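16 is the number of the first residue of the sequence shown in our numbering; add one for each residue after it.
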Amino acid sequence: MAHSALLVMDVQRSIVDRFEHDSGYLARLRDAVDAARAADLPLIYVVVGFRPGHPEISAHNKTFGAAARSGAFTADDPGNEIHPDVAPRPGDIVVTKRRVSAFAGSDLEMVLRAGEIDTLVLTGIATSGVVLSTLRQAADLDFGLTVLADACLDADPEVHRVLTEKVFPRQADVLSVAEWTGTLAV
């Protein structure tokens, strides 16, 4: 575990607010964050962010076009803040990405390689977005992978189930937060 890091992805206020129906999500994610801190594992927060005017977003980009039109995910957007229940502390790394995958348009791979991190523990919103895209790219980059299924959320519970039960296990260990924290105590 000495070369592992916990990735907390897209847990920004405006994204979390879309999932108020799952009142236990932030508590479960907090348990994972606290366990990583107790085990001295690096925490890397990944956020989506753009410059004012969104010059990084093409008119052809269906996924981020709405953000460009609304002005979302810039430094001036209060919804861009990482949710305070799981906010980074001094020494934690925050990586800004420009697309769905945590690697796209960010310096994440450089940070991981410099820290000699070879195993990623993935959490975040949404399971079918940042978690899926990051898992696929990280697997292609030969990182070891764990997904904390109950520390991921998706707007479609069936999509979340299929990904965590059928798709992700092909490339990652899929555990609950409790199962994963239990491995840290060993």
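All residues carry an ideal CB built from backbone N, CA and C; glycine is no exception. Note that the structure is a prediction, hence the values are computed from the model and not measured.
Taking C-beta atoms as the reference points, residue 110 and residue 26 fail to come closer than 8 Å. Taking 8 Å as the upper bound for CB-CB distance, residue 187 and residue 161 are in contact here, some 6 Å apart. For the set 67, 38 and 104, the Cα lying nearest the Cα of residue 165 is the one of 38. Counting along the chain, the unbroken alpha helix (DSSP H) around residue 53 starts and ends at 40–53. Secondary structure at residue 182: helix, using DSSP grouped into helix, strand and coil. Residue 143 and residue 172 have their C-alpha atoms some 10 Å from each other. Look at residue 61 here: in three-state DSSP terms it is strand. Straight-line measurement puts the Cα of residue 72 at about 7 Å from the Cα of residue 79. Contact between residue 22 and residue 136 holds, with the beta-carbon distance rounding to 7 Å and staying under 8 Å. Look at residue 197 here: in three-state DSSP terms it is helix.
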